[in-house]
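Novice: Got a structure for you, written out below as structure tokens; questions coming shortly.
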Amino acid sequence: MDKKSLRQAMRQARRALKPDVQAERALSLASQLKQQLDIQRSQRLALYLANDGELDLTPTLKYFWEQGKELYLPVLHPLAHNRLLFVHYHPKTAMQKNQYGIWEPKWTGKNAVPTWTLDHVLLPLVAFDRQGGRLGMGGGYYDRSFAFLRQKGRMPGPKLIGIAHDFQEVERLDLEPWDIPLHAIATNNGYHLSKTLNC
Ligand SMILES: Nc1ncnc2c1ncn2[C@@H]1O[C@H](COP(=O)(O)OP(=O)(O)OP(=O)(O)O)[C@@H](O)[C@H]1O
Ligand SMILES: [Mg+2]
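Each residue of the sequence shown is one higher than the last, beginning at -15 in my numbering.
Now the structure itself:
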């Protein structure tokens, strides 16, 4: 299946999930993530607010707050083309809708951190494979923002943990040279370390 049809099919399937099913899956995901020692040790974690039927991180987010972690959300970069900024998020953060109608924290010029200082990034997937391959919504936002992870002798950087419903798994994705692989994938049903990246 080509990328466009795969995106359409997966997005349609996840949007069709009923709210009670989504809520149950969100709880299962949170319990998967809570069990990961590596994530338990994380200080700076980025995640997302679910949109378009994406697996919901709300229970996970609340748990991390209780654990005293610093949480960040992606914000469309006001200057750099199709890139993300990671802005601090706490219960009182002022929010606004971006051009896609997705809620994001207001960037004040002071509340973003350099992307390489994040410990883990939980990012939404449209489809994935067990090799760490990731298909996103097609804007190249995450690929551009984490392109530095591909450089040799690079700065330290976050581990990328893809989040998806279990049915979004495919046997093998055809990756492009710019696609950034995932360290692991968490679903409502399991946690899979990438077969190509050493965690
Ligand atoms: N590092 C990069 N530099 C320049 N262009 C890039 C880079 N990464 C991706 N792109 C461009 O972004 C476009 C979309 O990429 P792709 O189809 O991989 O999106 P995606 O991974 O689904 O999106 P996202 O990362 O937002 O989830 C491609 O046309 C590609 O040329
Ligand atoms: Mg990509």
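Glycine residues also receive a C-beta, built at the ideal position from the N, C-alpha and C atoms.
Report yes if the C-beta distance between L68 and S26 is below 7 Å; otherwise report no.
Specialist: Residue 68 sits at position 84 when you count from the first residue of the sequence shown. Residue 26 sits at position 42 when you count from the first residue of the sequence shown. Against a cut-off of 7 Å, the Cβ pair of S26 and L68 comes out as no contact.
Novice: Specify the secondary structure class of Y126 as computed by DSSP and reduced to three states.
Specialist: Your numbering for residue 126 matches position 142 in the sequence shown. If DSSP states are grouped into helix, strand and coil, Y126 belongs with the helices.
Novice: Less than 6 Å separating the Cβ of G116 from some heavy atom of ligand 2?
Specialist: To locate residue 116, count along the sequence shown from 1; it is residue 132. Not under cutoff, so the answer is no.
Novice: Give me the Cβ distance between H149 and R(-2), rounded to the nearest whole Å; I'm assuming they're in contact under 8 Å.
Specialist: If you number the sequence shown from 1, residue 149 lands on position 165. If you number the sequence shown from 1, residue -2 lands on position 14. That pair is a contact at about 6 Å.
Novice: With DSSP as the reference, please indicate the residues paired to E88 in a beta bridge.
Specialist: Here residue 88 corresponds to residue number 104 of the sequence shown, with the count starting at 1. Answer is Q80.
Novice: What do you reckon, are the CB atoms on P108 and Y32 nearer than 7 Å?
Specialist: For the purposes of this step, residue 108 is taken as residue 124 along the sequence shown, with counting starting at 1. For the purposes of this step, residue 32 is taken as residue 48 along the sequence shown, with counting starting at 1. Their beta carbons are under 7 Å apart, which means P108 touches Y32 by this criterion.
Novice: In the DSSP output, what is H176 paired with across the bridge?
Specialist: The residue you call residue 176 lines up with position 192 of the sequence shown. H176 pairs with I169.
Novice: Just to confirm, does D113 get its C-beta within under 6 Å of one of the non-hydrogen atoms of ligand 2?
Specialist: The count along the sequence shown starts at 1 and reaches residue 113 at position 129. No.
Novice: In three-state DSSP terms, what is V97?
Specialist: Residue mapping note: residue 97 aligns to position 113 of the sequence shown, counting from 1. In the structure shown, V97 sits in a strand (DSSP, three-state: E or B).
Novice: What does DSSP give as the partner residue(s) for Y56 in the beta ladder?
Specialist: Along the sequence shown, one-based indexing puts residue 56 at 72. DSSP lists A30 and H72 as partners of Y56.
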